[in-house]
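What follows is one structure encoded as structure tokens, with my remarks underneath.
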Amino acid sequence: MNLQFGQPEPGHNYEDRPTAFGLVLRDGLIACVRVDRGEGSYYDLPGGAIDGDETEEDALVREFVEETGLTVRAGDRLGEAGQYFLKSDGRAVNNLAGFWTAEVEREDPDAKVEDDHELHWLDPHRALAELRHDAHAWAVAIWLRRR
1 MNLQFGQPEP GHNYEDRPTA FGLVLRDGLI ACVRVDRGEG SYYDLPGGAI DGDETEEDAL
61 VREFVEETGL TVRAGDRLGE AGQYFLKSDG RAVNNLAGFW TAEVEREDPD AKVEDDHELH
121 WLDPHRALAE LRHDAHAWAV AIWLRRR
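Under UniProt numbering, the first residue of the sequence shown carries the number 1, and numbering increases by one thereafter.
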């Protein structure tokens, strides 16, 4: 992985964390999740860590359901990028993320299990400005340029 965002903070040992995130478009808007952290709330693309023997596509589908209640089908892989950051629990990680396009196959709000995540549909240009991670904004920019 050659493209890396964020700066490691001194005194932290960053754990590489394979992840997958997706871009879903509906009526000109991108699916994002607002993660509730009180005054420190933020937007991310739906997705997250790859568990066990999952593929990126498997993780993408599982994470979308858990965070949004949307069942998606992975499309094209846009690229990959790393993102150094401190998780809300203080753990230092480097998300090694594959970014994918995806399409909604089904909606089931009751399937969503992450209570602190809320689905928001954002204009892509607003998403560029609002997404917490530069790697996520980069993926949106790449997606916009290829459309």
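For glycine and all other residues, C-beta sits at the position ideal for the given N, C-alpha and C.
Predicted model, so just to flag it, every value in this text is computed and none were measured.
Cβ of residue i within 7 Å of Cβ of residue j?
{"i": "A139", "j": "L78", "result": "yes"}
{"i": "E67", "j": "H117", "result": "yes"}
{"i": "W121", "j": "L23", "result": "no"}
{"i": "P10", "j": "Y84", "result": "no"}
If you draw a straight line from the C-alpha of residue i to the C-alpha of residue j, how long is it?
{"i": "V35", "j": "D44", "result": "7 Å"}
{"i": "V113", "j": "R62", "result": "11 Å"}
{"i": "G52", "j": "A59", "result": "10 Å"}
{"i": "E130", "j": "A141", "result": "13 Å"}
{"i": "G47", "j": "E39", "result": "22 Å"}
{"i": "H136", "j": "A111", "result": "24 Å"}
{"i": "A31", "j": "A127", "result": "9 Å"}
{"i": "G69", "j": "K87", "result": "23 Å"}
If you follow the beta strand (DSSP E) that residue i is part of, which residue opens it and which one closes it?
{"i": "D76", "result": "70 to 86"}
{"i": "residue 155", "result": "Outside the shown range of the chain (1 to 147) lies residue 155, about which nothing can therefore be said."}
{"i": "V35", "result": "29 to 35"}
{"i": "T101", "result": "92 to 107"}
{"i": "G40", "result": "First-last for G40: undefined, no H or E at that position."}
{"i": "G47", "result": "47 to 49"}
Just curious, the alpha helix (DSSP H) that residue i is in, first and last residue?
{"i": "V140", "result": "134 to 146"}
{"i": "L3", "result": "No alpha helix (DSSP H) holds L3; DSSP gives it neither H nor E."}
{"i": "E9", "result": "Counting along the chain, E9 falls outside any alpha helix (DSSP H), and DSSP gives it neither H nor E."}
Note down, in chain order, each residue of its chain lying with its Cβ closer than 7 Å to the Cβ of residue i, except the 5 sequence neighbours on either side.
{"i": "R73", "result": "A102, E103, E105"}
Within the same chain, show all residues whose beta-carbon is closer than 8 Å to that of residue i, passing over the 5 residues directly before and after it, in chain order.
{"i": "E80", "result": "M1, L3, L96, A97, G98, F99"}
{"i": "Y14", "result": "P8, Y84, A92, V93, N94"}
Can you list, in chain order, the residues of its chain whose CB lies under 6 Å from that of residue i, leaving out five sequence neighbours each side?
{"i": "R145", "result": "none"}
{"i": "E56", "result": "A20, G98"}
{"i": "G6", "result": "Q83, Y84, F85"}
Inset, instruction - Report yes or no: do the stretch 17 to 33 and the stretch 88 to 105 share at least 3 C-beta pairs separated by less than 8 Å? - result: yes
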